[in-house]
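Residue numbers (my numbering): 182 to 350.
The C-beta atom is built at its ideal place from N, Cα and C for all residues, glycine as well.
Since the structure is predicted, the reported quantities are computational estimates derived from the model, not experimental observations.
For reference, the structure is listed below as structure tokens.
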């Protein structure tokens with residue numbers, strides 16, 4: 182738990198997760214501070230690494246990459262060199278939008294975005310299984326996305342409430 186941020190900081194973080202383009206004036210008003218102290222807090226939260234970056238979330242369907250697939254991957258070897266080689270290869274493949282090192286039966290879980298099943302077939306054949314050391318994959322095609330968020334859940338020290346309850350409307 183973050184020890185050096187207070188209730189104002191938590192409110193700022195919650196509001197910025199909801200709308201990263203909110204003006205400093207509106208943010209300050211919603212948090213209950215004047216703009217200058219609010220801006221100083223945002224700058225400090227950025228400098229201390231609580232805020233990594235600001236992004237625009239794009240519509241995958243409109244951009245022609247509506248098919249989401251999660252793929253479990255097992256490597257032939259669980260050595261540091263094998264993991265490093267796989268990590269480096271994955272970093273170069275734009276269709277892989279998420280990659281997680283796992284415990285259990287599989288070594289990795291990757292999230293892939295492609296246009297359709299034919300593109301997925303080509304991706305598997307030409308890119309993923311072409312990575313040296315990949316010996317097994319298990320794919321799950323997403324039929325419907327029920328929830329997707331970029332918000333990180335957090336709880337304040339004093340209230341133990343979720344960030345959605347921090348924002349007072």
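Range covered by the beta strand (DSSP E) that runs through residue i
i: residue 335; result: Run containing residue 335: none; DSSP gives neither H nor E here.
Three-way DSSP call (helix, strand, coil) for residue i in this model
i: residue 313; result: coil
i: residue 369; result: The structure shown does not extend to residue 369, since the chain is modelled only from 182 through 350, so no value can be given for it.
i: residue 226; result: helix
i: residue 329; result: coil
i: residue 217; result: helix
i: residue 321; result: strand
i: residue 185; result: coil
Start-to-end residues for the alpha helix (DSSP H) that takes in residue i
i: residue 198; result: 188–199
i: residue 207; result: 205–212
Any C-beta of chain B under 8 Å from that of residue i
i: residue 306; result: Absence of chain B from the displayed structure is noted, only one protein chain being present.
Beta-carbon spacing of residue i, residue j below 8 Å
i: residue 324; j: residue 318; result: no
i: residue 190; j: residue 222; result: yes
i: residue 296; j: residue 239; result: no
i: residue 252; j: residue 320; result: yes
i: residue 288; j: residue 254; result: yes
i: residue 194; j: residue 226; result: yes
i: residue 301; j: residue 250; result: yes
i: residue 314; j: residue 241; result: no
Residue i beta carbon near the ligand FAD (any heavy atom closer than 7 Å)
i: residue 325; result: In the structure shown, the ligand FAD is absent, as is every other ligand, since no ligand is present at all.
Taking the runs of the beta strand (DSSP E) that are 3 residues or longer, which of them lie wholly in the stretch 250–304?
Listed in chain order, the complete beta strand (DSSP E) runs (minimum 3 residues) inside the stretch 250–304 are 277–282 and 289–295.
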